[in-house]
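Chains as they are written, first to last, in the numbering used here: chain A, 157 to 266; chain B, 52 to 364.
Structural data, given as structure tokens:
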């Protein structure tokens with residue numbers, strides 16, 4: 157319940173405050189968001205598996221976001237930024253789908 | 052790195068599940084085939100749970116349960132999640148962060164112009180179009196500038212020609228006697244009480260003055276002496292340009308006043324003639340700083356002479 161509340165509050169804050177994204181963070185923000193989504197879905201799956209641990213969740217969340225941003229940054233420095241971000245998005249997308257499949261099976265048994 | 056553990060705990064679950072997920076997804080219609088693998092699930096899970104045991108003892112209890120009523124378990128856990136707890140709070144904070152950033156990102160993305168997400172070919176096409184536009188407009192600019200230059204230079208030419216023509220008109224106007232003139236010069240007053248002066252005397256006087264550089268001459272303030280002026284004897288007096296004149300004759304001339312005075316005064320010149328025994332009159336020569344000549348010559352239309360094209364122009 158609190159988690160859902162946090163989600164709603166986050167949306168509201170994002171809509172009301174509408175902070176400006178600094179220039180240097182703009183390329184990494186979308187990737188970071190996708191990585192965070194992956195962590196969240198992973199957490200939901202772990203929760204349904206009954207192995208959810210908040211410390212692990214926070215650490216994996218942060219490391220997910222940081223690693224994603226780092227990969228994009230490296231790609232930018234190497235001149236393959238767009239390709240690497242595509243790769244990261246693909247990998248994260250696959251993980252999200254896998255997690256969703258597990259969650260779905262847990263909830264709907266299908 | 053610490054998340055490796057939960058990931059590992061999760062990843063062992065992945066291999067069996069994706070396979071199953073692929074199977075049911077690919078052929079969902081085959082429901083009977085899907086169920087058997089599900090039965091296998093618990094068999095696969097227990098070892099995983101054991102692997103993850105040191106961290107989470109919980110998995111053990113869920114894994115045996117799914118055999119009979121897994122949906123209940125998952126749903127029960129979801130319901131349990133509504134109870135406030137530390138984990139709930141942390142999740143809430145993280146979720147709020149994610150939601151906030153996601154919303155901001157969506158907003159930023161919408162604010163972007165369409166070029167950011169345009170495909171490479173589209174961008175190339177757009178760039179091409181812009182380049183062509185630029186070239187077209189640049190050539191237009193060049194053309195217009197050339198036209199402007201030619202117009203302004205021709206305007207300059209016309210202006211210069213007009214100024215030259217006006218200067219020429221002024222010069223020629225003074226020469227032809229159609230314009231009044233003023234400047235330094237002399238006034239020569241000739242008294243001829245006996246009426247013995249002839250047109251020859253007057254003509255000589257004019258010639259001498261011209262020889263001395265007189266630029267404009269008038270007689271008695273009424274006749275402008277020009278190229279076509281004629282002098283005819285009309286005793287007593289002289290007819291100049293058809294106008295009868297009598298003593299005293301006043302000749303005004305513009306030019307270098309000293310030269311003009313000398314031209315009148317030299318021995319055997321105008322003054323000697325007039326004061327000599329033949330005429331017996333008096334002559335007075337005044338050098339003036341400013342002589343103003345107001346008499347005008349009315350030019351007549353030439354009946355025969357026409358301007359001939361000049362070879363120089």
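Even for Gly, the Cβ is constructed at its ideal location relative to N, Cα and C.
Item	Value
In this structure, how does DSSP classify residue 247 of chain B when only helix, strand and coil are distinguished?	coil
Please name the residue, chosen from B:224, B:316 and B:301, that lies closest to residue 278 of chain B on a Cα-to-Cα basis.	B:224
Just the Cα atoms here: how many angstroms apart are residue 160 of chain A and residue 161 of chain B?	26 Å
Thinking residue 165 of chain A and residue 147 of chain B are a contact (beta carbons under 8 Å), I'd like their distance in whole angstroms, please.	5 Å
Quick one: measure Cβ to Cβ for residue 266 of chain A and residue 201 of chain A, integer angstroms, because I've assumed they're closer than 8 Å.	Rounded, the Cβ-Cβ distance is 16 Å, inconsistent with contact.
By the DSSP assignment, the beta strand (DSSP E) with residue 337 of chain B in it spans what residues?	333-344
Any beta carbon from chain B within less than 8 Å of residue 239 of chain A's own beta carbon?	no
Only counting runs of 4 or more residues, tell me where the alpha helix (DSSP H) segments fall wholly within the stretch 251-336 of chain B, in order along the chain.	308-316 and 321-326
Are the stretch 288-295 of chain B and the stretch 316-327 of chain B touching by the rule of at least three beta carbon pairs closer than 8 Å?	no
By Cβ distance, which residues of its chain are closer than 7 Å to residue 200 of chain B, with the 5 residues on each side in sequence left out?	none
Can you tell me whether DSSP reads residue 233 of chain B as helix, strand or coil?	strand
Count the CB pairs spanning the stretch 175-195 of chain A and the stretch 172-187 of chain B that are closer than 8 Å, and state whether there are at least three.	no
Would DSSP call residue 192 of chain B helix, strand or coil?	helix
Run through chain B and tell me which residues come within less than 9 Å of residue 232 of chain A, C-beta to C-beta.	Result: empty, since nearest Cβ-Cβ is about 15 Å, beyond 9 Å.
If you drop the 5 nearest sequence neighbours on each side, which residues of the same chain put their C-beta closer than 7 Å to that of residue 297 of chain B?	287 and 288
Between the C-alpha atoms of residue 260 of chain A and residue 177 of chain A, what's the straight-line distance to the nearest angstrom?	35 Å
Within 10 angstroms of its Cβ, does residue 219 of chain B collect 16 or more other Cβ (buried), or is it exposed?	exposed
Of all the residues that make up the stretch 170-199 of chain B, which are near chain A by a beta-carbon distance shorter than 7 Å?	none
Roughly how many angstroms separate the alpha carbons of residue 138 of chain B and residue 182 of chain A, rounded to a whole number?	30 Å
Could you compute how far the alpha carbon of residue 248 of chain A sits from the alpha carbon of residue 144 of chain B?	22 Å
I'd like to confirm the pairing. Which residues does DSSP put opposite residue 241 of chain B in its beta bridges?	B:300 and B:334
Could you compute how far the alpha carbon of residue 189 of chain A sits from the alpha carbon of residue 183 of chain B?	40 Å
Exposed or buried, residue 177 of chain B, counting other C-beta atoms within 10 Å across all chains shown (16 or more means buried)?	exposed
Could you name the residues of chain B that residue 225 of chain A contacts, counting a contact when the two beta carbons are closer than 7 Å?	Near residue 225 of chain A there are no residues of chain B at all, since even the closest Cβ is about 12 Å away, more than 7 Å.
Taking the CB atoms as reference points, tell me whether residue 284 of chain B and residue 308 of chain B lie closer together than 8 Å.	no
Identify whether residue 176 of chain A lies in helix, strand or coil by the three-state DSSP scheme.	coil
On the criterion of 16 or more Cβ atoms from any shown chain inside 10 Å, does residue 222 of chain B qualify as buried, or is it exposed?	exposed
Beta carbon of residue 346 of chain B, beta carbon of residue 310 of chain B: below 8 Å?	no
Look at the alpha carbon of residue 274 of chain B and the alpha carbon of residue 294 of chain B, and state the distance between them as a whole number of angstroms.	8 Å
Could you check what DSSP says for residue 352 of chain B in three-state terms: helix, strand or coil?	coil
Could you check if residue 341 of chain B is buried or exposed, using at least 16 other CB atoms within 10 Å of its CB as the buried criterion?	exposed
Is the beta carbon of residue 331 of chain B less than 8 Å from the beta carbon of residue 266 of chain B?	no
Sorted by chain position, which residues of the same chain lie with C-beta nearer than 7 Å to residue 238 of chain B's C-beta, five sequence neighbours on each side aside?	301, 303, 337, 339 and 342
Have a look at A:179, A:215 and A:171 and flag the residue whose alpha-carbon is nearest the alpha-carbon of residue 142 of chain B.	A:215
Quick one: which residues of the stretch 139-151 of chain B get their C-beta closer than 9 Å to a C-beta of chain A? List them in chain order.	139, 140, 141, 142, 143, 144, 145, 146, 147, 148, 149, 150 and 151
Against chain B, with Cβ distances strictly below 8 Å, would residue 194 of chain A count as a contact?	no
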